[in-house]
Each structure stands twice: as structure tokens, then as C-alpha cells.
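Participant:
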Amino acid sequence: MKHISTFTVLLTMVILMIIGVALVPRLDIASEPRKERGSTLTVNYWWQGAAAKVVEQNVTSKIEALVSSVRGVERVSSVSEFGSGHVEIQLKPKADVSAVKFEIASILRQNSSKLPKGVSYPTLSGGEIDTGRDNDDIQQILSYQVNADMPDEQIRRLTEMELKNVIEKIDGVHHVEVTGGAGRYLELTYDARQLANYGLYASDIATAVGNFVGHENVVGTIRVRGSQIFVPLLLSSSFDGSRLETVPVKTINGKIVYLNNLVSSEIKQRKPDYYYRVNGMNTIYLNVYTDKDASIVRTSGRVKETMDSVINHHDRFSNSRLHFLLVYDLAEKELSEFDTLVLRSALTLAILLLFVWLSSGRSWKYLGIIACTLAANILLAVIAYWILDIRLHPYSMAGITVSLGIIIDSTIVMVDHYSYYHDRRAFLGILAAMLTTVGALVVVFWLPDYLRHDLRDFSVIVIVNLSIALFVALLFAPALVEQSRYRAHGNGYITNARIKVRMTRIYRRYVNLTQHKVWRWVLLALTAGAFTVSLILFIDCMDFNSFKPKEEEKKLNIRAQMPLGGSVHELNDKVSEVEAFLSQFKEIKRYETTVSGWGAMIMVEFKDEALHTGFPYFLENKTIGKVITIGGADWSIYGVSERGFSNSLNLQYRDHRIVIAGYDYDRLYRFAENMCRYMSQNNRIVDITIETPGHERQEDELFMEYDRKALALDSVNVRDIHQSLGSMLSESPCEQIELHQKNGKVMKIDAVIKPTDTEDFDLWKLENSYIKIKDRSIRPSDFMKINKREAKNCIPRENQEYILGVVFNIIGSYNYASRCIKQIKDRYNNMFPVGFRCVDSAYEFYEDEGTQYWLIGLVAIIIFFICAILFESLYQSLVIILLIPTSMIGLFLTYYVTGVPFGTGGFAAMVMLSGLTVNAGIYIICEYRNCGNYLRAFNHKVIPIFLTIFSTVLGMIPFLIDGADEQPFWYSLAVGTIGGLSFSIIPLVVFIPLVMRLKKI
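The opening position of the sequence shown corresponds to residue 2 in the numbering used here, with each subsequent residue numbered one higher.
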């Protein structure tokens, strides 16, 4: 290194440090690590209003067929639900996830236009390892409240047209949702009985309006020069709503029936089919969602900049007086948490620098050298984080903080050595110490997924920092010493020669005692006993599964669901009562409400000052008392206490189940019905029903079971019954109409055709009233039975097979039930055609067996080979390895005495302790090999070793401030490291001479 000038090294480092400062704002900051690349992909799609069976036949089956042919796909499963569906793709173990994901995305893009009209574009996500956390692929990062002096419909349209598309183009944004407000529509109501007298159906009205107001139809095709050209029929789309008489519907007996003879029109405010409110305020909201692995801070900043640019420089917004209020900002919350982590790390750094200053005899020049090298380490690490695209989150910040102490130790060793000898021979010892720590951290990449997800970035950060520390110690630290002309003048410690001599005599006697065979075996037995006892106590104090997912912030969740026949508007009225109740509590920071067809959810967040008091439990009890008084809905409350609350009754419990599978859903369901009829012949088999495994609690529905013989005898067509009932019961959308307003403007508005007596037509009327079919009146109950059953609004499929379960109770002994079920399975397995079968249902569960602890042995093996290369002695390498279990005694006893949960932080402390403890032993044995006298080597290195341990312990103290409840990972890491390192002094002093073959001194 002599040919590199000091000036060149310093100038290069200054330039790199400036680059590091410039890259700090570009770092990826988040509260969670990125998901690892996994082997599961998911395709999601929506089709509003479509039944599960329609979704499965027209969308799910097509997508399954497309993705199943992709190379690398091992298994495909799907779930089709009412209005939506998803296909889950399991890849082969050695498949290239990125390549397969790209190929599937290309296939979906090419075939999206072939899907039915109304189906959303299929979105492909996944490819990450499931860690047991929140598995949602998207998350809300921003929410703007939009207000203006104009109708809600106009606010919503303007927001969607000018902002939604712009924001969705931003990198990292998954989608933008505009909620709240409801537009207007033209309601055309008719009398179903009058319509039947004319022999017309609701579809005739819809066709007449569509033909009149502007529907595009294809008349036919013609061939021109060998190519086929479509000939469309284009109609006028202008319509004055007050002139309904101009719309002809049909000619009956030579007389034209006009629309105004059949319907009356009225413009109404549309009732939304979805409600979203924050703090009970029903207004327009612009919600921005991002991918789970995107940078929240960076994406949020881009969205805010775009919003400001569009709002301030767009004429339509400046003239409309729209006001945007930011009501939710996830990035701000994460930045506040990150600021706390940075403050804690800064406090650690300040403690370490103060310790360096005091230990150096209060030398400001020495402190300046150490501070400059630390700054260089941190800023060069920033460059590495940016190049390697490393995300900074609580676990990676732990790696930065832990590595600070190790970096300072390496710098001190090089500065002290270079100031005395002006050479870099100390670098070999620093390299060996760093390699042992890196070797200990490498095992993190062999951990189970649920552990590796947390500790991966922790290990990567420490490895990167230590690698950079080697570069800085080799070049920058000596250059600073040369430039500042620093010369060490002693170690700066205040010592007493008499005490030092006395301690040396005592330790000499102990070393000589350890070389006596009898005492050696006695002391070894005591050490083994201490390790065994501490390990037993540690195992006893641990939970069944110490590695639990991180506890989420305490929130009160209130769910509500309407029974069969309930509407979203009725549910919204009930939820509004709960919102009014919540609005009186000032301790609530925010409550977010969503109401849709499936049910409602109110998520309540508490203010920080109220979060750690008894108020959440108080509010939970009060809310339970409130929802009990609101009838007509099923309520459940959870998230605060473990008991929660639910008033949903499930009294019909069934013990037994027969699962059947097949490739055709309709035939499979008929087989299940046939099985139910066969089983009902046995009086001891009761409570028989058909369920969808995994989706047992579905809504109920009414279904019609026709008498085919009665229909044939009376020449009644099922389709005619459906058309007549449809005209009496259901409303249907019509073409969009352009209305000419009085001010001369044209307004586009949706039209809906609806019977007048829909709300009055109940089940009793359906069974007992007469309906008109063509020229005759019939009573539907004469031709069918109307029964209630569980709606199959969810259709799962696994490996191209549909699955249904026939569940029931059997009155009798367990042996009788087993024989009965086996007889039914054998009967239907013999009767089923190819492609259908009865399957045995089984339940799987996961249990943490603690296999990750065996990886500590891998740490020992890695360190053993590093030491064997360094010492060229297997025996001395074994001595170093034996320091690991003896130092663990302190860690085990620390968790037993304090009762602190072990968790991921404890395992990180165990890995770090394995590397840090052996470093001290390496320094002593290296010195012993150089001087040949163990006592002299110990005296030379004991003070630096104590300082190393003491500095690491001091660096962990700030992480004890918040306690185990606030930061369980940090607290557990700090407690384990402090306890283990503090105790490691004892085996370092006592154990090494016990196992070394030394000459009497």
C-alpha cells in the first residue's frame, strides 16, 4: 500500500462520503422487510354481479387452462365467488419465478380481450414467501378527502377523470380508488300485472329503450376484395326524457303501445352499493394503494408531488374550487417510527464515542480519527445499500446498530497499531475476527422462512458494514493517522501497579491449578453442569413456540353482516348508529368504515396516549353493549381482548363429513344431492346438508324444485315462468340516456327499469299468487316447491377438480358411524363414473420443533475452519469453539431470570454472541502464539477485550428504553447480547486455560 499516497486515499474517501450523503434520501425506508421470492402466484379478477358458477365457467376455467400449460407450473387451484375469483399457481421447486411470472403475465395480456364483457383485467401477483404475516398484496398509503361547492357526482367524475389515471401511472402505485357520493339515475317503473296483460316482459321495455336511444348493432357483414367488413347500425343517442310517448314498444292487435302507456319516469339519487367513510364523514375520498413490496415513503412522495402539480397547475381544478385534505398518510407514520430508530442509533453512537474519548485519556485528536472513520463506514455503507437495493426497516437498523461497536473495535485496533509500528500487520487479526462474525451470520440464510424473513436483512446489513469496515481500516484509518500525525502515548487507563501485580499473581496460581489433572476434570465437570442446568432452565422458561409473528398495533374491529334478504343500505343505517356512538370518544384517533354486500367493517385506531391505558378495553365493552341493542344483524368484535364478542348463532353442528371430488361441478352437485337422498333413508343419519370445504359459512338462498310431470301435463314452459317472475321481481339496467336540460346542457344518465311492487312481493305472495304467462294465469306453487338452502357463492377447484362435502350427524356409537360412512363411500366409489371419487379429508398443522437451533452447530463448524486456517492447529481451533457453549450460559440465565420473551431478537443475539465471543479468544491465542507465554498474552489483550465487550454492552443500552411491549425484537436482542457478553468474561478468563495445555508459569 506504500505506492498509494495519503492525499489520494483521503480525497477518494471524501468524494465517496459526499456521494453517500447525496444517496441518503434515495434509500428505501419501510416498517417491514420485503417479501422473499417464493413459488406461489395468484391471478385475481372481478365480474360485478356475476354468480359464482358463471364466473367459474366463463373466466376461471379459461384462465386455469391458460396457466396450466406454462412450463414450470406444478399445481393450479382456484376459487370462484360471487362477483370475483382467483387462481393460485404453485410453481415447481427449481422453476425460474421471474420467467414464469413474465410468461403468465404475457398470456393474460394477450387473452384478456377474449374474456366476457364486464370482467376486469386479470392481475397477477405473488412470487413471495409466506411468512405468516398479513398476506395482502396491496396496502393503502394515502387518503384524500375531496370537498367542493358542487354535487357529489360532479366531484367524483372530475376526480376520476383528472387525477385517478394520472396517479395510477406512478411507479409503485397499484391502483387508485374514488369512493363516496352517489350519482343520479332515471328510474322507469312499470306495473308488472299491466305488463302481463299486454303479453310483454321487462326485456321488451329494455329493448325498446335501447333501440331508441342509441345502441350499436351489427346488421350483417359484406365481403370487399376478399376481406370481411361489419355493417353496424348506429342510432341517435339524444333523448328528451319528458317525451316518453315517442318511444314505441310493440304493436299489439294493430295498435302501437308506447312507453308512456307502460312506465312512469323519475330522476332519483342512486343509492350506493358500497360505502366508505373516515370518522363518520360521508364524502368523496381518493384512496391510493401500493404494492406490498414497494417503497411506501418514495411512492407516497411521488403521489403528493403529482397531486400538488395537477391541482395547482390545472385550470379545471383551480376554477372548480376543489379542496383536498390529506386524512391518512402511512408514510408519515413510518417515517416517525424510523426517526425513533435513527435517534436510538444516534444515542448508541454518542455513547460509544464518549466511551472512546474517556478510554483514550480524553484525546480529541484520537476521538476525531475514530469519528471520521465511523462517518466513512456509515456513508460508504449507504452507497452499498443503494447499489444492492437494501431496504431499511427495524431489523436492518438493528444490524447497523450492532455493527457500530464491532466497527469501532476494528478501527481502534488499527489506529493503535499503526500509530506505534507504522505498518498494517494488525489487519490479519482484524480480518480473522470479522470473518468469524460473518461466518456466524451466514447461517441465517439456512433458517426456516418465518425466521429468515426477519433476520435476512439484519445479517446482510452487518456483513456489508463489516466488509466496508475492513476497507476503511486498511486504507482510511492509517491515512488519517499519517495526516494528523497522531502518536499514541499509552492507553490512557489509570492503573495501580500494586493491584495489577496482585491480580497477576492470583491469575498465575489459577492457571497453574488448571494444569493439574484432578482439578482440571473437576472444573470441567462444574462447567458442564453449569451449562446443563442453564440450558434446562432456559428450555423451561420458553414458550411452546417462541417465534411468533410481530404483534400488530391494537385496534378495535367491529364486523356486521345482514341475514338473507338484507340490503347494504339497511346495514349502512345500523352501522351509522355505531359510528354516532364512537364519535363521542376523544381518545379515538381514527375510525374507518366500509360497508358492502358481504357485510360491514369498522376499524378503530386509538391515540398514542390512550393506547396503553384501559380505554381500549373500556370501549370494547361499551361497544358490545351498543351492538346488542341494534337488532337485525350479526355482530362480531375483536382485536383488543382475547375473548372478543359474537352474536352469530351456529347451533347446527355436524360431526361427520364425506368429501367428493369431480371434474364437472353440475354433475358433482347432483351426485351430492343423490347422496343426501340416499342417506336420508337411514333414520339414524340426520342434519344432512351440502357444504363447500373451507367455505362452510355462506349465505342462504331460495331455490325452486320443479315438478317436471306437472309442467308437462299442463304444457307450461319453465322459461316462461322465469320471464314472468323476473318482470315482477327484478330491476334491470338499461342504456345510458342523454337528457336535454332546461339550461341547454346535455346530461348523460343511466336508466333502470323496475317494477312498482317489488318490495311488497314477499315469499307468501310468490307461493300463493297467480302470474300471467302468455294468455293464461297459473300459480307457481302448483309446479314447483320453493326451499331454502346455502348459496354456493364460492366454488373452489384443486388440480382441475371441484370439491363438495356432504356433512351430517349420526345417532349411534363411533364404530357404527365408521361402518356407515365406509359403506356409503364404497357404494358411491363403485357407482361414480371416471373423474369422480370420494376423498379422505385430513387436516394439517404446523408446529415449531426448534430445528433452527441446530444451525448454531453450523456456526461452530464455520468458525472452526476459519480458526484452523489462521492458527494451523486443530486443537487451538477446538478451544475457540468451546467458548461458544460456555458463553451461552449467560444468555440462557439472562432469559430465565428476566422472563423476557426469546423470539427472533433472542436468536439474533445467540448468533451474534457466537461470533463476538470467539473474537476475544482469537486475540488471546494469537498473542500467545507470538510471545509463547499465556500470562503475558492475557495481560496484553485483556484490557482491549474488556473494552470491546464493554463498548458493545453500552451500545445496546438505548434499546432497553422502550421496553419489551413497544419493541420486542430490539429489547430481546439487547437483553440477550448484554447478558451473554457480560457473562462471556468468565469463560474467557476461566475456561481457556482450563482446556489449553500450558506450561507452569
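Just so you know, even glycine gets a beta-carbon here, dropped at the ideal spot from N, CA and C.
If you're wondering where the values come from, they're calculated on a predicted model, not measured in any experiment.
DSSP three-state label for Leu201, please.
Facilitator: The answer is coil: DSSP assigns Leu201 none of H, G, I, E or B.
Participant: Alpha carbon to alpha carbon, what distance is there between Ile589 and Tyr896?
Facilitator: Each residue's Cα considered, the two are about 36 Å apart.
Participant: Around the C-beta of Tyr145, are 16 or more other C-beta atoms found within 10 angstroms, so that it is buried, or is it exposed?
Facilitator: Classification for Tyr145: buried.
Participant: Here's a check: name, in chain order, each residue in its chain whose Cβ is nearer than 6 Å to the Cβ of Ala197, leaving out the five neighbours to either side.
Facilitator: Hits under 6 Å: Lys773.
Participant: So, using beta-carbon positions, are Leu883 and Val991 closer together than 8 Å?
Facilitator: No, the Cβ-Cβ distance between Leu883 and Val991 is not below 8 Å.
Participant: In angstroms with no decimal places, state the Cα-to-Cα distance between Tyr286 and Gln682.
Facilitator: Whole-angstrom Cα-Cα distance: 57 Å.
Participant: If you compare alpha carbons, which of Glu768, Ala938, Arg838 is closest to Thr505?
Facilitator: The option with the nearest alpha carbon to Thr505 is Ala938.
Participant: Note the first and the last residue of the continuous beta strand (DSSP E) segment covering Gln877.
Facilitator: Gln877 -> not in any beta strand (DSSP E); alpha helix (DSSP H) instead, spanning 875–899.
Participant: Let me check one thing: in DSSP terms, what residues is Ser78 bridge-paired to?
Facilitator: According to DSSP, Ser78 bridges with Glu89, Glu799.
Participant: So which of Ala480, Asp609, Ser584, Val147 has the shortest CA-CA distance to Phe6?
Facilitator: Contrary to the premise, residue 6 reads as Ser rather than Phe in this sequence. Among Ala480, Asp609, Ser584, Val147, the Cα nearest to that of Ser6 is on Ala480.
Participant: Using the three-state DSSP reduction, which class does Leu28 fall into: helix, strand or coil?
Facilitator: Coil.
Participant: According to DSSP, is Leu961 helix, strand or coil?
Facilitator: Leu961: helix per DSSP, three-state reduction.
Participant: Do you know how far the Cα of Gly86 is from the Cα of Met911?
Facilitator: If you take the alpha carbons of Met911 and Gly86, they lie about 45 Å apart.
Participant: Which word fits His418, buried or exposed, when buried means at least 16 other C-beta atoms lie within 10 angstroms of its C-beta?
Facilitator: By the neighbour-count rule (16 or more Cβ atoms within 10 Å), His418 is buried.
Participant: Exposed or buried, which one is Pro994 when buried takes at least 16 other CB atoms within 10 Å?
Facilitator: Buried.
Participant: Kindly say whether Arg158, judged by its beta-carbon, lies nearer than 8 Å to any beta-carbon of chain D.
Facilitator: The structure shown contains no chain D, having only a single protein chain.
Participant: Report the partner residues of Gln140 according to the DSSP bridge assignment.
Facilitator: In DSSP, Gln140 forms a bridge with Thr291.
Participant: For Met705, which of helix, strand or coil comes out of DSSP?
Facilitator: Note: Met705 maps to strand in three-state DSSP.
Participant: Given this structure, state the Cα-to-Cα distance separating Arg777 from Tyr199, to the nearest angstrom.
Facilitator: Using only the alpha carbons, I get a separation of about 12 Å.
Participant: For Arg591, which residues does DSSP report across the bridge?
Facilitator: DSSP output for Arg591 lists Glu606 as bridge partner(s).
Participant: Kindly indicate which residue of Val860, Lys766, Thr899, Phe586 has the alpha-carbon position closest to the one of Gly281.
Facilitator: Nearest option by C-alpha distance: Phe586.
Participant: For Thr528, which residues from the same chain have a beta carbon less than 7 Å from its beta carbon, with the 5 sequence-adjacent residues on both sides left out?
Facilitator: Hits under 7 Å: Thr887, Phe992.
Participant: So, helix, strand or coil for Ser239, using DSSP?
Facilitator: For Ser239, the predicted structure reports a pLDDT of 49, less than 50, and the residue's modelled location is therefore unreliable. A value from the coordinates is still provided. Strand.
Participant: Among the candidates Val445, Lys95, Met676, whose CA atom is the shortest distance from the CA of Tyr829?
Facilitator: It is Met676 whose Cα lies nearest to the Cα of Tyr829.
Participant: Beta carbon of Leu875, beta carbon of Leu982: below 8 Å?
Facilitator: No. Outside cutoff.
Participant: Under the rule that 16 or more other beta-carbon atoms within 10 Å means buried, what is Trp971, buried or exposed?
Facilitator: Under this definition Trp971 is a buried residue.
Participant: Who are the Cβ neighbours of Ala611 in its own chain at under 7 Å, not counting the five residues just before and after it?
Facilitator: Result list for Ala611: Glu588, in chain order.
Participant: In the DSSP assignment, what are the bridge partners of Pro834?
Facilitator: DSSP lists no partner for Pro834.
Participant: I need the boundaries of the alpha helix (DSSP H) containing Asn112, first residue and last residue.
Facilitator: Element bounds for Asn112: 98–112.
Participant: According to DSSP, simplified to helix, strand and coil, what is Asn684?
Facilitator: If DSSP states are grouped into helix, strand and coil, Asn684 belongs with coil.
Participant: Is the region 808–825 touching the region 79–95, taking contact as three or more C-beta pairs under 8 Å?
Facilitator: No, they do not touch.
Participant: Starting from Gly369, trace the alpha helix (DSSP H) both ways and give me its first and last residue.
Facilitator: Start and end: 365–389.
Participant: If I measure Cβ to Cβ from Val279 and keep anything under 6 Å in the same chain, skipping five residues before and after, which residues do I get?
Facilitator: For Val279, where only same-chain residues beyond five positions count, the Cβ hits under 6 Å are Val328, Glu593.
Participant: In the DSSP assignment, what are the bridge partners of Pro756?
Facilitator: Per DSSP, Tyr191.
Participant: Check this for me: beta carbons of Ser411 and Met435, under 8 Å apart or not?
Facilitator: Result yes, Cβ atoms of Ser411 and Met435 sit closer than 8 Å.
Participant: Quick one: Cα of Leu917 to Cα of Val523, how far?
Facilitator: If I take the Cα positions, the gap works out to 28 Å.
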